[in-house]
Amino acid sequence: MKTSERRKLILDLLDQSEMVKTQELMKTFDTSESTIRRDLTVLAENGKIVRVHGGAIGVDLYNYGLTVEKRQIEYIEEKQKIAKTASAFVKDRELIFLDASTTVGEMIPFLAGKKIKAVTNSPIHAQRCYEYGIPVYVIGGELRQATDAVIGAVANQQVSEFFFNRAFMGTNGINAEFGYSTPDPEEALMKRIVMRHAIKSYVLADESKFNRVAFTKVSDLEEALIITTTLADEDREKFSRQTTLVEV
Numbered sequence: 001m002k003t004s005e006r007r008k009l010i011l012d013l014l015d016q017s018e019m020v021k022t023q024e025l026m027k028t029f030d031t032s033e034s035t036i037r038r039d040l041t042v043l044a045e046n047g048k049i050v051r052v053h054g055g056a057i058g059v060d061l062y063n064y065g066l067t068v069e070k071r072q073i074e075y076i077e078e079k080q081k082i083a084k085t086a087s088a089f090v091k092d093r094e095l096i097f098l099d100a101s102t103t104v105g106e107m108i109p110f111l112a113g114k115k116i117k118a119v120t121n122s123p124i125h126a127q128r129c130y131e132y133g134i135p136v137y138v139i140g141g142e143l144r145q146a147t148d149a150v151i152g153a154v155a156n157q158q159v160s161e162f163f164f165n166r167a168f169m170g171t172n173g174i175n176a177e178f179g180y181s182t183p184d185p186e187e188a189l190m191k192r193i194v195m196r197h198a199i200k201s202y203v204l205a206d207e208s209k210f211n212r213v214a215f216t217k218v219s220d221l222e223e224a225l226i227i228t229t230t231l232a233d234e235d236r237e238k239f240s241r242q243t244t245l246v247e248v
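Here the sequence shown is numbered in UniProt numbering, starting from 1 and rising by one per residue.
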């Protein structure tokens, strides 16, 4: 088999699976470990994959996935369980940040009745906070319609003027080596600013976000506590070495 054909097949395998392992590729293509490692190195250098321990994962680049409306109902039961657990961390008289994540948005009904103030860069979340009687500050700036997130220089300046007891955020990817990531560099910058201005940061994500990488790194895993659904034993062991995991 030609080298170019083998590398194309590796990419095809990554379209079907979130990760390929070096040992499995050696068996699939009946070739040496050094050959597979060289293939993965070249693909990584060309921006096609991301090398991880034991193999490689695909790069999610600018894929925002489903629309906001569809993401609001996708995995809704899991999101509500995660959101309920996250809301329990919030105490009276705290100032919290809620980013534009649909999972974070599911926290709002559980926050009703608490004596708090919220800041958000999501118009949808702001409206829901209003409906549930939660005092809310809305960050202004450029609205990214694909994610309902307000971003840009104006938004970054405004959010940097706040100090948060807790910040709650979503993510497109959680990877042991690359950390948290998102498709949009502007949204990644907003998240980083918020994390610097928060005493404690939380990432809310179901198990489908693990072992994935999007275009832009947000931070290392240790910068936030992860609230998620039940993980496979292998993932629990791997990710708990770097941060605190709360499974629901």
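Positions of the beta carbon are idealized from the N, C-alpha and C atoms, including for glycine.
No experiment lies behind these values; they were computed from the predicted model shown.
Original post:
Out of Glu77, Lys81, Arg93, Thr35, which has the shortest C-alpha to C-alpha gap to Asn165?
Top reply: The residue given as residue 165 occupies position 165 in the sequence shown. Minimum Cα distance to Asn165 is reached at Arg93.
**OP:** Check the C-beta distance from Asp99 over to Val194 and give it rounded, since I have them as a contact under 8 Å.
**Re:** For the purposes of this step, residue 99 is taken as the residue at position 99 of the sequence shown. For the purposes of this step, residue 194 is taken as the residue at position 194 of the sequence shown. Yes, Asp99 and Val194 are in contact; Cβ-Cβ is about 7 Å, under 8 Å.
**OP:** Give the secondary structure of Val50 by DSSP, where H, G and I count as helix, E and B as strand, and everything else as coil.
**Re:** Taking the first residue of the sequence shown as position 1, residue 50 is located at position 50. Strand at Val50.
Subject >> Cα-Cα separation, Val104 to Ser34 >> reply: Counted from its first residue, the sequence shown places residue 104 at position 104. Counted from its first residue, the sequence shown places residue 34 at position 34. Straight-line Cα distance between these residues: approximately 44 Å.
Original post:
In three-state terms, what does DSSP make of Tyr62?
Top reply: Taking the first residue of the sequence shown as 1, we reach residue 62 at position 62. Its pLDDT being 48, under 50, Tyr62 is placed unreliably in this model, and the coordinates cannot settle the point.
Subject >> beta strand (DSSP E) runs contained entirely in the segment 88 to 134, provided each spans 3 or more residues >> reply: 95 to 98, 117 to 120
**OP:** May I ask which residues mark the beginning and end of the beta strand (DSSP E) holding Leu225?
**Re:** Within the sequence shown, the letter at position 225 stands for residue 225. Its beta strand (DSSP E) spans residues 225 to 228.
Original post:
Does the Cβ of Thr244 have 16 or more other Cβ atoms within 10 Å, making it buried, or fewer, making it exposed?
Top reply: Position 244 of the sequence shown, counted from the first residue, corresponds to residue 244. Thr244 comes out exposed.
Original post:
Phe239 lies in the beta strand (DSSP E); which residues open and close that run?
Top reply: Locating residue 239 in the sequence shown gives position 239, counting from the first residue. Segment 233 to 240 is the alpha helix (DSSP H) holding Phe239; no beta strand (DSSP E) there.
**OP:** Give the range of the alpha helix (DSSP H) segment to which Ile36 is assigned.
**Re:** Here the question's residue 36 lines up with position 36 in the sequence shown. Segment 33 to 45, the alpha helix (DSSP H) holding Ile36.
**OP:** Kindly list the residues whose CB is nearer than 6 Å to the CB of Lys191, restricted to its own chain and excluding five residues on each side of it in sequence; keep chain order.
**Re:** The residue you call residue 191 lines up with position 191 of the sequence shown. Excluding positions up to five away in sequence, the list reads Met169, Val218.
**OP:** Mind reading off the beta-carbon distance from Ala214 to Pro185? Whole number of angstroms is fine, and I expect it under 8 Å.
**Re:** Working through the sequence shown from its first residue, we reach residue 214 at position 214. Working through the sequence shown from its first residue, we reach residue 185 at position 185. Incorrect: roughly 10 Å between the Cβ atoms, too far for contact.
**OP:** Pull up the distance between the alpha-carbon of Lys21 and that of Tyr132, whole angstroms please.
**Re:** By one-based count along the sequence shown, residue 21 stands at place 21. By one-based count along the sequence shown, residue 132 stands at place 132. If you take the alpha carbons of Lys21 and Tyr132, they lie about 47 Å apart.
Original post:
Closest by CA to His125, which one among Phe97, Ile116, Gly141, Gly113?
Top reply: Translated into positions along the sequence shown, residue 125 becomes position 125. Nearest of Phe97, Ile116, Gly141, Gly113 to His125, Cα basis: Phe97.
**OP:** With distances taken Cα to Cα, identify the nearest neighbour of Ala146 among Ala153, Phe162, Pro123.
**Re:** As a first step, residue 146 must be located in the sequence shown, where it is residue number 146. If we check each option's Cα against that of Ala146, Pro123 comes out closest.
**OP:** Can you tell me which of the three DSSP states Ala214 falls into?
**Re:** Within the sequence shown, the letter at position 214 stands for residue 214. Reduced to three states, the DSSP call for Ala214 is coil.
Subject >> Top-ranked residue by Cα proximity to residue 250, from Ser240, Leu204, Val246, Leu221 >> reply: In the structure as shown, the chain starts at 1 and stops at 248, and residue 250 therefore has no counterpart that could be examined.
Original post:
What first and last residue would you give for the beta strand (DSSP E) that runs through Val194?
Top reply: Here residue 194 corresponds to residue number 194 of the sequence shown, with the count starting at 1. Unbroken run through Val194 is the alpha helix (DSSP H), 185 to 196; no beta strand (DSSP E).
**OP:** Pull up the distance between the alpha-carbon of Tyr137 and that of Val119, whole angstroms please.
**Re:** For the purposes of this step, residue 137 is taken as residue 137 along the sequence shown, with counting starting at 1. For the purposes of this step, residue 119 is taken as residue 119 along the sequence shown, with counting starting at 1. Distance between the alpha carbons of Tyr137 and Val119: 5 Å.
Original post:
Sorted by chain position, which residues of the same chain lie with C-beta nearer than 6 Å to Met107's C-beta, five sequence neighbours on each side aside?
Top reply: The residue labelled residue 107 in the question sits at position 107 within the sequence shown. Excluding sequence neighbours, Met107 sits near Ala83, Ala86, Ser87.
**OP:** Below 7 Å CB to CB, which residues in the same chain sit around Glu247 once its five sequence neighbours on both sides are set aside?
**Re:** Numbered from 1 along the sequence shown, position 247 holds the residue referred to as residue 247. Correct list, in chain order: Thr228, Thr229, Thr230, Leu231.
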